[in-house]
Amino acid sequence: MKKILFVINTMGRAGAEVALLGLLRKLDRRDCGISLYVLLGQGELIDQVPPDVRLLNPAFSRSSVLSRRGRGELTRHVLAAFFRNGGCLRKAGGALSQLPAMLRRGRLQPDKLLWRAVAEGGLRFEEEYDLAVAWIEGGSAYYVADWVRAKKKAAFIHIDYEQAGYTRELDRDCWRSFDRIFAVSPDAAETFCTVYPEYREKTAVFPNIVDQDSIRSRAEEPGGFSDRYDGLRILTVGRLTYQKGYDIAIEAMRRLKDAGYHARWYALGDGDQRKNLERQIAALDLRDDFLLLGAVDNPYPYFAQADLYVHAVRYEGQGIAVWEAQTLGCPVIVSDYCGSREQVEGGRYGLSCELTPEAVASAVMSLLDDAPRRAELGRRAAEKQTPSGQERLFYELLEDEASLV
Numbered sequence: 004m005k006k007i008l009f010v011i012n013t014m015g016r017a018g019a020e021v022a023l024l025g026l027l028r029k030l031d032r033r034d035c036g037i038s039l040y041v042l043l044g045q046g047e048l049i050d051q052v053p054p055d056v057r058l059l060n061p062a063f064s065r066s067s068v069l070s071r072r073g074r075g076e077l078t079r080h081v082l083a084a085f086f087r088n089g090g091c092l093r094k095a096g097g098a099l100s101q102l103p104a105m106l107r108r109g110r111l112q113p114d115k116l117l118w119r120a121v122a123e124g125g126l127r128f129e130e131e132y133d134l135a136v137a138w139i140e141g142g143s144a145y146y147v148a149d150w151v152r153a154k155k156k157a158a159f160i161h162i163d164y165e166q167a168g169y170t171r172e173l174d175r176d177c178w179r180s181f182d183r184i185f186a187v188s189p190d191a192a193e194t195f196c197t198v199y200p201e202y203r204e205k206t207a208v209f210p211n212i213v214d215q216d217s218i219r220s221r222a223e224e225p226g227g228f229s230d231r232y233d234g235l236r237i238l239t240v241g242r243l244t245y246q247k248g249y250d251i252a253i254e255a256m257r258r259l260k261d262a263g264y265h266a267r268w269y270a271l272g273d274g275d276q277r278k279n280l281e282r283q284i285a286a287l288d289l290r291d292d293f294l295l296l297g298a299v300d301n302p303y304p305y306f307a308q309a310d311l312y313v314h315a316v317r318y319e320g321q322g323i324a325v326w327e328a329q330t331l332g333c334p335v336i337v338s339d340y341c342g343s344r345e346q347v348e349g350g351r352y353g354l355s356c357e358l359t360p361e362a363v364a365s366a367v368m369s370l371l372d373d374a375p376r377r378a379e380l381g382r383r384a385a386e387k388q389t390p391s392g393q394e395r396l397f398y399e400l401l402e403d404e405a406s407l408v
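Take our numbering: the final residue in the sequence shown is number 408, and no numbers are missing along the way.
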């Protein structure tokens with residue numbers, strides 16, 4: 004029996020984690036056993052991991068990495084990684100050595116500074132695997148590259164690599180250790196290969212797996228909007244972070260209100276930008292118009308009940324929430340980020356716009372004013388099949404030596 008190890012940074016409520024759950028449910032168990040190691044040992048989605056997947060973490064916190072309590076636990080996990088396996092000064096020095104370059108770029112990203120130390124401070128396992136998979140960039144990629152014994156290794160890219168802030172200096176050529184590098188969209192693959200052209204031949208596209216049947220089933224469960232609002236509902240789902248562009252969406256909502264639209268914008272998710280966004284909402288007098296509902300266990304009734312879904316983000320590899328909205332027949336608007344073009348296909352399954360308050364507001368107005376067009380976009384989207392069969396790429400890695408570069 005083949006042994007596969009998946010490594011991920013956390014199991015918090017986010018697109019990459021949801022995609023991993025989809026793949027774990029799909030992989031054929033007849034010829035392989037699957038293990039999972041969560042580098043930071045935390046995340047509320049751990050209970051959704053299939054029961055036959057062996058969790059290697061001896062202890063696990065189910066606290067959200069975005070909650071106040073969860074952030075405190077996350078800090079403790081990072082500190083523990085600094086002391087585990089020795090080399091505390093080296094780990095700290097490695098993080099600090101990257102700080103000047105990050106400050107020169109004008110964007111301080113503590114997670115990028117710490118991933119190397121966290122990876123080096125991860126638990127070590129003597130077992131050798133037939134395939135080890137770093138499911139996400141950063142810590143899990145560094146950990147699998149340096150500290151996992153495996154006959155073959157694969158890594159996943161879920162974001163616009165350069166826009167996300169990764170650099171060669173941070174990576175220290177970890178990608179040389181991988182037999183395959185999978186990107187979740189053609190655009191994500193291209194942006195990665197712009198940074199690493201030497202790995203183009205071993206980079207392939209592996210779209211996120213979206214379980215449409217499960218999404219449709221869970222959308223019928225109790226839940227969704229409870230405010231009895233009688234206007235048009237706009238929905239956005241995602242962590243409250245800089246990446247997700249909520250500040251732009253709030254400005255766009257101000258323009259909708261100024262133009263007299265009877266609409267309300269709802270955001271599902273939590274994150275480190277909540278207080279900043281709450282201040283922005285208050286300053287623009289949008290307390291009743293842009294509502295931060297927090298994270299929910301089942302977002303799908305909201306998708307099904309919304310009139311419009313907007314995914315206006317700064318960078319992404321491929322928006323899982325966009326696939327989810329389309330699966331439930333919700334018309335979508337996306338910003339022109341990496342990976343968005345194939346999801347809307349030139350206007351057939353949704354609209355694309357620039358990431359500015361004016362452009363987002365204009366796109367939203369165009370659909371709020373046109374109910375037949377909203378209905379048509381929703382109908383087409385609901386009939387669209389998400390990519391399937393990508394798990395065969397794993398079987399090729401396990402069985403076909405010729406598939407390796």
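For every residue, glycine included, the Cβ atom is placed at its ideal position computed from N, Cα and C.
In this text, all values refer to a predicted model and were calculated from it rather than measured experimentally.
heavy atom of the ligand PLP below 7 Å from residue i C-beta
| i | result |
| --- | --- |
| V240 | With respect to the ligand PLP, the structure shown offers nothing to examine, as it has no ligands at all. |
Inter-residue CB distance, residue i and residue j (contact presumed, cutoff 8 Å)
| i | j | result |
| --- | --- | --- |
| N301 | G226 | 5 Å |
| R174 | G342 | Looking at the sequence shown, residue 174 is not Arg but Asp. Contact doesn't hold; Cβ gap of about 21 Å is too wide. |
| I11 | L23 | 6 Å |
| Y303 | L238 | At roughly 11 Å, the Cβ-Cβ gap does not stay under 8 Å, so Y303 and L238 are not in contact. |
| I212 | Q393 | 7 Å |
C-beta atoms of residue i and residue j nearer than 8 Å
| i | j | result |
| --- | --- | --- |
| G248 | A309 | no |
| D250 | Q283 | yes |
| L311 | L401 | no |
| I162 | G320 | yes |
| P252 | V313 | Checking the sequence shown, residue 252 turns out to be Ala, not Pro. Cβ distance < 8 Å, so A252 and V313 count as in contact. |
| F195 | I160 | yes |
| P53 | L27 | yes |
| A158 | Y132 | no |
| A144 | C91 | no |
| L39 | V21 | no |
| V119 | A98 | Position check: residue 119 holds Arg in this sequence, whereas Val was assumed. Yes, Cβ-Cβ distance for R119 and A98 is below 8 Å. |
Contacting residues, own chain, Cβ-Cβ under 7 Å from residue i (five flanking each side not counted)
| i | result |
| --- | --- |
| V81 | L117 and V121 |
| T13 | V41, L43, Q45, G46 and V68 |
| R382 | G332 |
| D34 | M4 and K5 |
Alpha carbon of residue i to alpha carbon of residue j, nearest angstrom
| i | j | result |
| --- | --- | --- |
| S406 | P210 | Low local confidence applies: a pLDDT of 42 at S406 is under 50, so the model's placement there is unreliable, with the coordinate-based value given in what follows. Approximately 18 Å between the Cα atoms of the pair. |
| I37 | Q388 | 27 Å |
| K29 | L58 | 18 Å |
| V151 | R377 | 49 Å |
| L8 | A384 | 34 Å |
| M4 | L134 | 12 Å |
| R290 | Y340 | 28 Å |
| Q101 | P113 | 10 Å |
| P103 | T170 | 13 Å |
| A207 | A192 | 7 Å |
| A19 | L295 | 22 Å |
| L370 | D261 | 17 Å |
| A318 | P200 | In the sequence as displayed, the identity of residue 318 is Tyr instead of Ala. Computed Cα separation, rounded: 21 Å. |
| R179 | D373 | 51 Å |
| R16 | L48 | 6 Å |
| A285 | Y164 | 34 Å |
| D149 | P61 | 21 Å |
| L77 | Q246 | 20 Å |
Cut-off 6 Å between Cβ atoms - residues of its own chain near residue i, not counting five sequence neighbours on either side
| i | result |
| --- | --- |
| G274 | L69, R242, L243 and T244 |
| V408 | Note on V408: pLDDT 38, under 50, position unreliable in the model; no value is reported. |
| R221 | N301 and Y303 |
| Y232 | R267 |
| Y398 | none |
| A137 | V10, S143, A144, V147 and A158 |
Identity of the residue in the options nearest residue i by Cα
| i | options | result |
| --- | --- | --- |
| D230 | E223, Y269, I251 and A207 | Y269 |
| K115 | D31, T197 and G141 | G141 |
| F86 | A167, E123 and L354 | E123 |
| V147 | Y164, A366, A167 and D182 | D182 |
| Y264 | A157, M368, A144 and K154 | M368 |
| G322 | Y232, P375, A186 and L99 | A186 |
| E386 | R344, G89 and R351 | R351 |
Same chain, Cβ closer than 8 Å to residue i, five either side skipped, listed in chain order
| i | result |
| --- | --- |
| G353 | V325, Q329, P334, V335, I336, V337, Q346, V347, L380 and A384 |
| R258 | P360, E361 and A364 |
| R72 | S66 |
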